[in-house]
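Remarks on the structure that follows.
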Amino acid sequence: MPMPMPMPMLYDLVGIGFGPSNIALAIALEEIKFQGSRLFLERNKGSRWQEGMLLEGSDIQNNPLRDLITPVNPRSPYTFVNYLHQTGRFWHFLNLGSHYPLRKDFFEYVAWVASQLPNVKYDVDICEITIQKEGGESFWRVTDTQGNTYCARRLIMGTGRKLNIPSIPGLKMADRVVHLTNYLPAVRQLPPGAQVAVLGSSQSAVEILLDLAGRSLGNIISIHRSFSYRLKDTSPFSDEVYFPEFTDYYHALPPRQRALLDNQVRQTNYSSADGDVISSLYLRMYEDELNGGKRIFVFRNHEIEKMECDQKVVMDLKDIYTGSQERVSADLLVLATGFLDIGRNGRTGLPLLLSNFAEYFDWSGEYLQVERDYRVRYAPGHDSLPDIYLNGLCESSHGLGDAGSFSLVSIRARDICTSIAQRGAPAALRASHAHVV
């Protein structure tokens with residue numbers, strides 16, 4: 007008789023993805039001296055945060071003290087300030103006089119922290135997540151493309167949100183159509199004189215237009231439904247949506263009230279850009295006209311009705327107010343269209359790895375019910391299933407602090423750690439956690 011396959015090690019927790027959210031969680035676990043077993047799985051060969059958007063001169067629009075740990079523990083060795091000190095750039099950084107750090111600096115900071123943390127396995131591409139029961143206990147079973155399996159009592163999803171790919175007839179994601187997350191690798195493959203189109207009017211869209219203007223390319227086409235590039239609301243009162251107290255206030259609201267509040271605060275993060283990049287783009291277009299060589303063409307109030315992707319990307323545009331139509335073509339189309347949210351996009355916004363579990367989760371209309379500690383609430387009858395936490399995926403339940411920002415990443419990690427400690431962690435961990443401020 008063949009011998010039964012031994013069961014893989016059962017971890018106390020497994021984290022899927024090792025971007026900023028789960029890196030912050032790994033720091034929090036280290037600093038409370040977590041006694042349980044854990045493992046983080048990352049599909050890339052290393053920590054490569056937003057590598058496709060490391061544009062020259064672009065910043066993160068985030069105070070550097072809102073890093074992976076400082077708001078929770080300013081004495082931590084994993085702070086951005088300590089990174090600057092350890093790399094010998096502290097004084098030069100202070101001398102910049104910049105309010106926000108360069109995106110390249112935070113890219114290096116995130117990689118620097120990740121390289122010091124244990125219990126991480128890179129180059130692991132997860133293809134399936136299931137629930138298994140054995141010995142009266144339910145646990146998660148995670149399988150990668152190589153057939154390896156990892157079992158966990160609780161799962162932490164830190165995969166980042168799904169890309170928002172618009173539904174346009176004829177659109178095919180290929181070499182000539184890319185999401186902004188793959189912008190740099192795609193644009194570097196273009197020959198001199200190639201034409202590029204950018205769909206969207208967000209901060210990222212404007213930054214990409216500026217980057218294109220500095221390259222030896224042909225015409226640049228900007229397409230968006232709004233009349234202008236709207237100015238981001240950066241008033242200190244509006245930015246309080248990135249305070250921990252706002253998370254408490256927002257989470258306590260029913261979904262209908264959250265949606266109403268979203269309409270008020272949306273422009274602090276979405277479909278808008280900072281004044282400096284908008285002014286830089288306007289100045290660049292003005293200078294091009296002075297030089298007699300207009301390169302940037304803006305199709306405001308336009309949408310793409312349909313398109314063809316072959317040797318070129320051919321797009322049929324329509325003015326949403328007048329109905330007038332135009333046809334334009336480009337060698338590359340960049341979708342600066344952002345990401346999906348579980349709440350606004352319902353089950354479509356769920357990470358693909360969790361799509362098979364949608365019926366087990368508790369939904370209020372299109373809104374996924376997530377507890378204050380970032381634990382997914384199960385539908386009645388499924389309460390015995392193992393815990394699953396969403397780390398950085400909960401904008402619809404926890405507000406704009408979960409919208410891909412560093413603002414509350416350390417606070418969220420602390421909250422998840424606290425929940426884990428309170429829900430059956432080893433006694434030694436509960437004792438150590440009681441001394442954490």
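The opening position of the sequence shown corresponds to residue 7 in my numbering, with each subsequent residue numbered one higher. Glycine included, every Cβ here is placed at the ideal spot set by N, Cα and C.
For residue i, name the three-state secondary structure that DSSP assigns.
i           : result
residue 159 : coil
residue 428 : helix
residue 370 : strand
residue 423 : helix
residue 185 : strand
residue 345 : strand
residue 257 : helix
residue 118 : helix
residue 25  : coil
residue 55  : coil
residue 131 : coil
residue 14  : coil
residue 436 : Legend: pLDDT at residue 436 = 42, less than 50; position of this residue unreliable, value from coordinates given subsequently. Three-state DSSP puts residue 436 in a helix.
residue 19  : strand
residue 388 : coil
residue 201 : coil
residue 144 : strand
residue 291 : helix
residue 274 : helix
For my contact list, residue i and residue j are in at a C-beta cut-off of 8 angstroms; report their separation, rounded to the angstrom.
i           : j           : result
residue 416 : residue 74  : 6 angstroms
residue 182 : residue 315 : 6 angstroms
residue 310 : residue 227 : About 11 angstroms separates the two Cβ atoms, so there is no contact after all.
residue 201 : residue 322 : The pair is not a contact, with the Cβ atoms about 16 angstroms apart (cut-off 8 angstroms).
residue 172 : residue 414 : That belief does not hold up - the Cβ atoms of residue 172 and residue 414 are roughly 29 angstroms apart, past 8 angstroms.
residue 206 : residue 313 : Not confirmed; about 15 angstroms, so no contact.
residue 450 : residue 108 : Because the chain spans 7 through 443 in this model, residue 450 falls outside it and cannot be assessed.
residue 372 : residue 352 : 4 angstroms
residue 117 : residue 52  : 7 angstroms
residue 47  : residue 20  : 7 angstroms
residue 29  : residue 123 : 7 angstroms
residue 331 : residue 324 : 5 angstroms
residue 271 : residue 244 : 7 angstroms
Are residue i and residue j touching if we call contact CB-CB under 8 angstroms?
i           : j           : result
residue 419 : residue 132 : no
residue 42  : residue 164 : no
residue 213 : residue 61  : yes
residue 71  : residue 423 : no
residue 273 : residue 306 : no
residue 425 : residue 389 : no
residue 58  : residue 188 : yes
residue 203 : residue 334 : yes
residue 162 : residue 395 : yes
residue 255 : residue 407 : no
residue 308 : residue 231 : yes
residue 93  : residue 86  : no
residue 66  : residue 412 : yes
residue 125 : residue 45  : yes
Please classify residue i as buried or exposed, where buried requires at least 16 other C-beta atoms within 10 Å of its C-beta.
i           : result
residue 238 : buried
residue 444 : What the structure shows of the chain is the stretch from 7 to 443, and residue 444 is not part of that stretch, so it cannot be assessed.
residue 98  : exposed
residue 37  : buried
residue 397 : buried
residue 263 : exposed
residue 326 : exposed
residue 84  : buried
residue 393 : buried
residue 405 : buried
residue 360 : buried
residue 291 : buried
residue 121 : exposed
residue 192 : buried
residue 367 : buried
residue 281 : exposed
Compare the C-alpha of residue i against each of the options and name the closest.
i           : options            : result
residue 225 : 301, 281, 20, 117  : 301
residue 261 : 46, 156, 403       : 403
residue 68  : 105, 317, 303      : 105
residue 112 : 275, 222, 88, 135  : 88
residue 276 : 36, 347, 110       : 347
residue 208 : 168, 130, 342, 58  : 342
residue 160 : 218, 170, 145, 253 : 145
residue 155 : 16, 266, 53, 218   : 16
residue 63  : 102, 124, 168, 248 : 102
residue 319 : 44, 253, 153, 178  : 178
residue 374 : 354, 349, 184, 429 : 349
residue 151 : 428, 31, 49, 278   : 49
residue 185 : 340, 391, 412      : 340
residue 54  : 427, 280, 23       : 23
residue 56  : 196, 410, 429, 253 : 410
residue 221 : 198, 279, 234, 242 : 198
residue 377 : 234, 257, 299, 357 : 257
Give a single yes or no on whether residue i has its beta carbon closer than 7 angstroms to a heavy atom of the ligand NAP.
i           : result
residue 388 : No copy of the ligand NAP appears in this structure; indeed no ligand is present at all.
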